[in-house]
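Below is one structure, written out as structure tokens; comments come after it.
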Amino acid sequence: MKLRLVSDEDRLWTGRLLEGLTDAHFKERLPRLLGAAGEGGGAMSDTDLMAGLRGLMFGDFLNTPAGSDSRQYRQLTDPSKLLTAVSDALAEMNAGSKRPMALVLFQFALEHVCRIARVIGTPGGHALLVGLGGSGRQSLTRLAAYMADMEVVQIEISKTYGQEEWHEDLRKLLKKAGEASKKVVFLFSDTQCRSESWVEDVSNLLNTGEVPNLLSPGDLAAMAETMRPRAKAAGRDTASKDAMAAFFLEEVRRNLHIVLSFSPVGDAFRERLRRFPSLVNCTTIDWFTAWPRDALHSVATNSLAGLVGVDDAVVRALPGVVVAFHEDVQALAGRFLAEQRRHYYVTPTSYLELLGSYKKLLGKRQDEVMSAKRRYEVGLEKLATTEESVAGMQAELTALQPQLEESGRETAAAMAEIAERSAEADKVKEVVQREEAAAAGEAAKVKAIKDECEADLAEALPALEAALRALDTLTKNDITEVKGMKSPPSGVKLVLEAVCILKGVKPVRLKDTNTGQMVDNYWEASKKMLMEDDFLGGLKRYDKDHIDPGVVKKIQAYVANPDFTPDKIQQASQAAYGLCCWVRAIELYDRVAKVVAPKRAALAEAEAQLATVMSALALKQAELKKVMDQLAALDRDLREKTARKESLEREVELCKVKLDRAQKLISGLGSEKTRWRDAAAALGRQYVALTGDVLLAAAQIAYLGPFTQGYRSEALRSWAACCTAAKIPCHEGFRLSTALGDPVKIRHWNICGLPKGLANKWIRALEKQAGLLAVKQSDPSFLRTLENAIQFGKPVLLENVGESLDASLEPLLTRAVFKQGGTACIKLGDAVVEYSEQFKLYITTKLRNPHYAPEVCTKVSLLNFSTTPEGLEDQLLQVLVAAERPDLEEEKNRLILAGAANKRRLKETEDEILRVLSSSSGNILEDEAAVNVLQASKVLADDIKAKQKVADETEAQIDTARQSA
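Counting in the UniProt record's numbering, the sequence shown runs from 1 upward without gaps.
Following this line, the structure appears as structure tokens:
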């Protein structure tokens, strides 16, 4: 019953009633059961009673054992465990979702999660969630359904979505719950309702579980076939159509849970409840009321914890201040409605927007201010370093001049000494060159004699080598064969005789059997010679260079013998053939050697003469090397002295250049020192005050857009005083344009007509260069234009809307962007299009006093663009002056454009100067390009300032003339 109550007074009355009934019937004190104050016997305060009742939560998702299918429904007494469990479930759901939900979980949200989970966990349980848009009704329903392992089904409205599509979605829903027996949560919002007949259909589902005439007999028959095994297992009659239809209806009632998300704003909610009582009778109502103070404070504390660059004491004070802001706006919205008859709804989404914007803007502005402050400080450091280095560079230049002069003298002396030594070296070099030429002649003579000797020897040596190779072919067996001959052929005898003569083997004296005289017999001597152990080796080592001339004369007779040829001897014996070749080769070598011997003597004499010449040449070359080494040492010394002199010259030149650059830098930027120092100090103070300034700015953005100027000023004065009382630093006379604005950009907005023009006109001028697309909801190509703009990042102006927006805009307004194939996409109607971050959507209305539902207020940034009296006065003055003095109006417009361009260029120039100073590493005087850029930028800045000064004076004169016109 308590959930159906709509006011805190009724809820407190119910709590007191429960307290009395518990004491009367159960003999238990309610404070003890709730674990609240007052247990010691004292009365329980209203606040403690309400807090205790809110903390009374039950659920079946915290105490379920791992791996168990049965859920245990118990009281949830540990808030920390509950928060951890729900947070884990949210993280799991987001991990598997294309559109993760950024929910802030705290006790107030956990209470609603437990209630929704309890309702949908009951067979046939349905819920009616009543609250303003942005209070978390749909998000918490999705979370509770995920924790209960249920699927959430929600219709998707498009431009062409109508009654037929609605009925088709209901058929799919009923089939899923009845035929497929899946646990389904049907989430239906009043913003999706295009026809009251849809509410009637929902009412029928709540009351009876079916929609009349929705399913055809064919649909029922097909579903009956699918459900027949399940019905049979449940013991139902599967032959009867009516029985199967009844079973299908039971399955739908058991598995389908309807959650209605309605807003109490306006007459539609009350009218629907009166027309369709089932919306109340068949549902459990959960009122999403305004967040209590403790919930607001808890959310702020968690969200603002860990702010960078903010004192801990200020961080602790911030939650109380933002809660006060939220409550002040709630009261201000009531006054706004009472006094101006204008509706504005303050929702939890606005509060979360305030916290999120504050954290984002504070970090951004802190980085910007600190970066700008650091750039000024670096610029001042560079100027100070430059000024300090001037005296040092002058002293350095004075000290370098004597060193440069001394280095010049040393270099000149070294060059003179080198010239003298070079003349001496040239003389020695000339002598050496002559002797080298003589040595070359001697060497050529020696080479000619040597070549002639080698040519002569080339005739005999091949034959000798061939003979030695022939000896290598002989074996012991060949020698034994010759040795064993009883009657050797004459050729064999002839060869062996020649061998014996060469080796000096004497013949044996024997009596000739024919003549009876004693004759020399070499055969017997030959056989003894052949019996020597190293006979063949002795032949190979034979001393061919010292043969007795008598022996040679005897051998020549053998060689001249026609029978002493290798071919004839080979016919007699292979062994004798090799010996014959050897004898002939020895004789040839001796004959050639006699011719070569004189030449060798001449060669030896020439080589001795060459050695003498080369020895003398070596002495001269050594002398020349010594002189050249000395000359090279002098040259090295000269190069070192020259390098040192050039280095000193470069240092002197660089010192002069740096002095010149320093003077240019000091003369050009010296006048900026005071302004930069003041700017850096101001930025330091601004950095401290950012904590409060950005808080006021974020609150103004989140809350004050729909209010008129008077209400905005009143709220800002009150909030500034609140910040001061809480010791949160902020500037007096806070202005949003000062806290967050860029003067150059604001000037551009003014040129586009911001303060005096209509919203449509200003937006068209502002986004003209970006290719603005203007559409109306009634345009046939409305969605097609939006799709193209979203895909290509074009701004869109949606004009002349009423108090309700097309439902197909819902994904765009809620920024339901998801990743598909690594690309950001959004579903618009039935189409999925790529989403560009450059896309912008402006929505304007011509309604004088539109009443936008909370669901709209939470999805867009509402801005009251009503013309102020000052704006009207300026517009009328502009029209009047344009009619009477068009020359003044034209000149003023020209000056406005010129002034905007000048200020923009001046800002860019100063940014360039500070950028060059801060980005230059090391000594900036060594960076010629940087100094030139700084000098040129300063000249340009001075020129722009002079022009702007003249323009400001002229504009002031024109304004005076306009006022008097």
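Where is the CB? At the ideal position from N, CA and C, for every residue including glycine.
Asp-46 sits away from Leu-18, with the two beta carbons spaced by 7 Å or more. Distances from the alpha-carbon of Ser-778 to those of Leu-105, Thr-160, Asn-788 and Ser-526 put Thr-160 closest.
By the neighbour-count criterion, in which a residue is buried when 16 or more other Cβ atoms sit within 10 angstroms of its Cβ, Pro-811 is buried. Between Trp-523 and Lys-493, the C-beta gap is smaller than 7 Å, which places the two residues in contact. Contact between the stretch 367 to 386 and the stretch 319 to 334 is absent, with fewer than three C-beta pairs closer than 8 Å. Within the DSSP secondary-structure output, Gln-75 pairs in a beta bridge with Phe-58. Distance from the CA atom of Thr-823 to the CA atom of Met-101, rounded to whole angstroms, is 19 Å. For Ser-181 against Asn-281, the beta-carbon gap comes to about 27 Å, at or over 8 Å, which does not count as contact. Closest by C-alpha distance to Pro-79, out of Arg-54, Ala-816, Phe-276 and Glu-640, is Arg-54.
Distance from Ile-258 to Leu-206 at the Cβ level is roughly 6 Å; contact confirmed, criterion being Cβ atoms closer than 8 Å. Assigned with DSSP and collapsed to three states, Asp-286 falls in strand. Within the same chain, and ignoring the five residues on either side of Ala-575 in sequence, the residues whose Cβ sits closer than 7 Å to its Cβ are Leu-474, Asp-478, Ile-479, Glu-481 and Val-482. Secondary structure within the stretch 303 to 346: not one fully enclosed beta strand (DSSP E) run of 3 or more consecutive residues is present. Following the DSSP letters along the chain, one finds Cys-825 in no alpha helix (DSSP H) but inside the beta strand (DSSP E) bounded by residues 823 to 828.
Proximity to Glu-196 across Gly-133, Val-153 and Ala-268 peaks at Ala-268, based on C-alpha coordinates.
Counting the other CB atoms within 10 Å of its CB gives Thr-515 a total below 16, which places it among the exposed residues. Straight through space, the alpha carbons of Phe-188 and His-748 are spaced by roughly 45 Å. Per the DSSP secondary-structure output, Tyr-842 pairs in a beta bridge with Leu-797. Taking each of Phe-262, Phe-839, Leu-273 and Gly-356 in turn and checking the Cα distance to Ser-303, the smallest one comes out for Gly-356.
Rounded to the nearest angstrom, the gap between the Cα atoms of Lys-903 and Asp-693 is 25 Å. If you draw a 10 Å sphere on the C-beta of Asp-10, you find fewer than 16 other C-beta atoms in it, and that means exposed. Secondary structure in the stretch 183 to 215: the beta strand (DSSP E) runs of 3 residues or longer, each lying completely within the stretch, are 184 to 189 in chain order.
Counting only unbroken stretches of 4 or more residues, the alpha helix (DSSP H) elements lying wholly within the stretch 743 to 806 are 743 to 751, 759 to 766 and 782 to 792, in sequence order. According to the DSSP assignment, Met-518 belongs to the beta strand (DSSP E) that extends over 518 to 521. For Ile-157, the secondary structure class from DSSP, reduced to helix, strand or coil, is coil. The stretch 362 to 376 makes contact with the stretch 676 to 693; the number of CB pairs closer than 8 Å reaches 3 or more. Judged by pairs of C-beta atoms under 8 Å, the stretch 781 to 788 touches the stretch 828 to 840, as three or more such pairs exist. DSSP places Phe-262 in the uninterrupted beta strand (DSSP E) bounded by 256 to 262. Residue pairing from DSSP places Glu-834 in a beta bridge opposite Cys-825.
Around the beta carbon of Val-86, a 10 Å sphere encloses 16 or more other beta carbons of the protein chains shown; the residue is thus reported as buried. Assignment of beta-bridge partners to Ala-127 by DSSP yields Val-259 and Thr-284. Setting aside the 5 residues that flank it on each side, Ser-808 is surrounded in the same chain by Ile-157, Ser-158, Lys-159, Leu-783, Leu-828 and Gly-829, each with a C-beta closer than 7 Å to its C-beta; the list follows chain order. Counting along the chain, Lys-506 sits inside no alpha helix (DSSP H), nor does DSSP assign it H or E at all.
A distance below 7 Å between beta-carbons, with the five flanking residues on each side excluded, links Ile-746 to the following residues of its chain, in chain order: Ser-737. Of all alpha-carbon atoms in Gly-178, Arg-342 and Ala-233, the one lying nearest the alpha-carbon of Met-223 is that of Gly-178. Around Leu-361, the same chain offers Val-694 and Ala-698 as residues with beta carbons nearer than 6 Å, after the five sequence neighbours per side are excluded.
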